[in-house]
Amino acid sequence: MKYGTKDFTIEALFRFLDTLRESGEINMFGAPKVMEQHLGLSSQEAKDVWVAWTETYKEEGEGLE
Numbered sequence: 170m171k172y173g174t175k176d177f178t179i180e181a182l183f184r185f186l187d188t189l190r191e192s193g194e195i196n197m198f199g200a201p202k203v204m205e206q207h208l209g210l211s212s213q214e215a216k217d218v219w220v221a222w223t224e225t226y227k228e229e230g231e232g233l234e
């Protein structure tokens, strides 16, 4: 699927988000804006990818008691 101005796979975008998260540089609620600025995604694309990425943590059960 094409995201932004380049052909990014969802896996590549998830890796980008994982790397950003592991860096601890930002609060991840700001990640969609970072994807817009650095990857050329539209606001809606960035939000959609971010939501899909956060859902992977629900599936894995990370952080859930």
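Numbering (this note's numbering), first residue to last: 170 to 234. All C-beta atoms in this analysis are idealised placements derived from N, C-alpha and C, irrespective of residue type, glycine included.
Cut-off 7 Å between Cβ atoms - residues of its own chain near residue i, not counting five sequence neighbours on either side
i	result
A200	L186, L189, W219
Opposing strand residues paired with residue i [DSSP bridges]
i	result
K216	None; K216 has no bridge partner.
Residues of its chain near residue i, where Cβ-Cβ distance is below 6 Å and the 5 sequence neighbours each way are ignored
i	result
L182	V218
N196	none
A215	P201, M204, E205
Extent of the continuous alpha helix (DSSP H) to which residue i belongs
i	result
I179	179-192
M197	Where M197 is concerned, there is no enclosing alpha helix (DSSP H), given that its DSSP letter is neither H nor E.
Cα-Cα separation, residue i to residue j
i	j	result
A221	T178	13 Å
Q114	E191	Only positions 170 to 234 of the chain appear in the structure, and residue 114 is not among them; the question remains open.
T225	H207	22 Å
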